[in-house]
Amino acid sequence: MERILLVLNGGGALGAYQCGVYRTLVRHLGAEGLRRTTIVGASIGAVNGFLIAAHHHRPDKGLKVLERFWREVAQPSVPFLPFPETRSWRLNATLTGLLWGNPPIFHGVPGGFLAGLAWYPAMAGYDNRSLVETVRRYATHYSPEDETSPRLLIRAIDIAAAAPTWFDSDEQPIVPSMTGASSAIPLLFQPGWHEGRAYWDGDVWHQGLLLPALRRLLGEAPEQRLHAITVELFRRSAGKPSGFGQSLDHFRRLFLGARSDDEAEEATERYPSLRLTRIRRAPHPGEEASLWLMDWGSDRLAYLLEQGEKDAERALRGH
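For the sequence shown, the residue numbers in the UniProt record's numbering are 1 to 319.
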């Protein structure tokens with residue numbers, strides 16, 4: 001029997017796209033398919049994966065809880081630029097996040113950027129302890145009840161060990177501090193802490209999540225059939241950018257998009273029986289004026305939810 005491997009990478013507010021994808025998965029896979037799912041996540045993907053797994057037993061498979069979380073973290077923007085056009089809206093939302101953070105997700109540390117030059121990791125521009133508390137209000141832990149419950153894998157980077165750590169629901173209960181450990185971007189954020197150890201964002205690694213997850217799962221059960229569904233928040237595209245915003249956006253999509261492309265190619269070559277569905281996000285309007293981590297505008301999140309739902313529908317229909 002085929003088992004689903006759902007791969008949820010990091011991307012800050014772009015995680016709303018993953019919520020939209022999950023809407024479609026609930027319709028397409030049904031209760032039985034979702035029970036046979038392994039979810040692997042890092043950063044915001046770890047948060048989404050934790051909420052899905054912790055509430056999978058509900059009739060809606062945790063969808064309403066996930067949507068409620070994304071409504072809570074949507075943030076109104078200060079109108080720095082009062083012009084009624086998309087680029088100004090995205091800049092306003094980004095500046096709001098840069099200056100004030102997003103209270104349910106992260107807080108700015110007064111003087112943290114300058115102090116961090118001398119005293120990192122004790123000081124940094126932001127910390128994500130509020131994310132852990134927000135997640136805890138939605139679920140205090142996740143442990144599979146039996147073999148029909150989803151398996152959850154979260155990756156974080158152990159700073160002292162200089163290596164990835166995997167929090168695996170088959171080995172231990174998954175708790176909110178693990179999502180915080182997986183969501184602390186180096187230098188920009190103070191490290192995330194879990195059980196006395198400091199961690200950096202689980203998506204800040206030379207390799208994505210797909211290949212390590214496949215090695216882990218197929219190493220345990222080489223004969224199992226897997227359908228990997230990767231939700232890719234950054235897709236590289238050709239074109240010559242101009243200006244800082246476009247260049248930063250182009251670099252981000254080039255680097256992370258290429259990592260996804262290389263992983264997908266290697267996975268299908270190494271595991272010929274693997275069925276792979278790639279759900280790949282295209283840039284949204286005004287994205288070159290938006291920072292993926294800082295722009296939590298409600299209009300942007302609503303767009304991403306709908307975009308993820310539609311893209312997943314097209315991708316799954318093709319399989």
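Ideal Cβ placement from N, Cα and C applies to all residues, glycine included.
In this text the structure is predicted, and so the values were computed from the model without any measurement.
CB Y126 to CB F167, shorter than 8 Å?
no
Counting C-beta neighbours from all protein chains within 10 Å, is the total for S240 16 or more, i.e. buried, or is it exposed?
A small fix is needed here, since residue 240 is Lys in this sequence, not Ser. K240 comes out exposed.
I need the straight-line Cα distance from L217 to S130, nearest angstrom please.
33 Å
Have a look at the DSSP bridge pairing and note the partners of F83.
None; F83 has no bridge partner.
Cβ pair count under 8 Å reaching 3, the stretch 91-100 against the stretch 135-154
no
Excluding sequence positions up to five away, which residues of its chain have a Cβ less than 7 Å from the Cβ of V73?
N102, P104, I105 and W296
Would F167 count as contacting chain C if we go by Cβ distances under 8 Å?
In the structure shown, chain C cannot be found, because there is only a single protein chain.
Taking buried to mean at least 16 other C-beta atoms within 10 Å of its own C-beta, is R253 buried or exposed?
buried
Pull up the DSSP beta-bridge partners for V7, would you.
In DSSP, V7 forms a bridge with V40 and T230.
Considering only the beta carbon of each residue, do G208 and N48 sit closer than 8 Å?
no
In terms of residue numbering, what span does the beta strand (DSSP E) encompassing F167 cover?
Here the beta strand (DSSP E) through F167 covers A163 to D168.
Cβ-Cβ separation, S183 to D201 (assumed contact under 8 Å), whole Å:
Right, the Cβ-Cβ distance comes to about 6 Å (below 8 Å), so this counts as a contact.
Considering only their Cβ atoms, is the gap separating Y17 from R314 smaller than 8 Å?
no
Are three or more beta carbon pairs between the stretch 298-316 and the stretch 19-29 nearer than 8 Å?
At 8 Å Cβ cutoff, the stretches touch.
L153 and V40: beta carbons closer than 8 Å?
yes
Out of E306, A258, P150 and A302, state which residue places its alpha-carbon closest to the alpha-carbon of R36.
Nearest of E306, A258, P150 and A302 to R36, Cα basis: P150.
Return the CA-CA distance between R68 and T38, expressed in angstroms with no decimal places.
23 Å
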